[in-house]
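Just so we're aligned, residue 1 is where the sequence shown starts under full-length UniProt numbering, counting upward by one.
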Amino acid sequence: FKAYHVLCLLYLYRLDGCNLTRVSCEKLSSVLRSVNSSLTELDLSSNDLQDSGVELLSAGLTSSHCKPETLRLSGCMVTLKGCSSLAFALKLNTSHLRELDLTYKHPEELGVKLLVSVCIKT
């Protein structure tokens, strides 16, 4: 319970290389949906999130309380499916996102095009 409140008050979550998985994304998603969320930068690079984790994370990103400016998912094994859920989330929540890092294990070209089209429209 205490850890949840501490996470809500942080502006920057640097969780790169922390062995996070799909289960971790489910918990993090609930923090992102919190009314008290003050997140502006989220770095989940070098974690084995895969598409299933990114889908759960995307659910949190749809919240109007979530306003990240930087999202780093480098090396998280994201494919077209993960990009689609991320694009959908960014489209639903008028994005404040200024930086999105999907380097290393690049998603398919169509996934990148989906994200670019959403980012250009917001």
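Virtual Cβ for every residue (Gly too), placed ideally from N, Cα, C.
query	result
Residues near S63 in its chain [Cβ-Cβ closer than 7 Å; skip 5 each side]	L32, R33, N93
Bridge-paired residues (DSSP) for D101	R72
Between the CA atoms of R72 and L115 - distance to the nearest angstrom	14 Å
Whole-number beta carbon distance between C66 and residue 134, since they are thought to touch under 8 Å	The question about residue 134 has no answer, for the chain in this structure spans 1 to 122.
G53 CB to nearest heavy atom of the ligand ADP below 7 Å	Questions concerning the ligand ADP fall outside what the structure shown contains, since it holds no ligand whatsoever.
Cβ shell of L110 (< 6 Å), same chain only, five flanking positions each side left out	L80
Residue nearest to S13 in terms of C-alpha spacing, selected from S58, L44, C25	Checking the sequence shown, residue 13 turns out to be Tyr, not Ser. With distances taken between Cα atoms, Y13 lies closest to L44.
E41 - DSSP class collapsed to helix/strand/coil	strand
V35 to G17 span [Cα, whole Å]	27 Å
Minimum C-alpha distance to T103 - residue among V112, L90, H96	V112
R33 - DSSP class collapsed to helix/strand/coil	coil
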